[in-house]
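Some notes on the structure that comes next.
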């Protein structure tokens, strides 16, 4: 189950990339908010169902979303001091 959640989280990358390449209207902004809430919900479920080692896969994905799309979901689940720049 945790692998399917991780795949679903990774698939959101396509949606976020399509939204980042254009100017957003009102409907697009609502859709982006929906995607962010979906990302938060899936991340929370994944952290509950995965082991400690698999947590780092999610951390890597959320860090990528933070740097590429400015989505701050990373900070809800992980500490900023762990980011190696």
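Numbering (my numbering), first residue to last: 3 to 87.
Just so it is clear, CB atoms sit at the ideal spot from N, CA and C, and this is done for glycine as well.
None of the values given here were measured: they were computed from a predicted structure.
Item                                                                                                                                                      : Value
Return the CA-CA distance between residue 51 and residue 68, expressed in angstroms with no decimal places.                                               : 23 Å
At what residues does the alpha helix (DSSP H) containing residue 26 begin and finish?                                                                    : Careful: residue 26 lies outside any alpha helix (DSSP H) and carries neither H nor E.
Indicate whether residue 14 and residue 47 have their beta-carbon atoms separated by less than 7 Å.                                                       : no
If we require 4 or more residues per run, which alpha helix (DSSP H) segments fall completely within the segment 16–66?                                   : 28–51
Since residue 63 contacts residue 11 with CB under 8 Å, what's their CB separation in whole angstroms?                                                    : 6 Å
Measure the alpha-carbon distance for residue 70 versus residue 4 and round it to whole angstroms.                                                        : 24 Å
Keeping to the same chain, check which residues put their C-beta closer than 7 Å to that of residue 1; ignore five residues upstream and five downstream. : Absent from the structure is residue 1, since the part of the chain shown begins at 3 and ends at 87.
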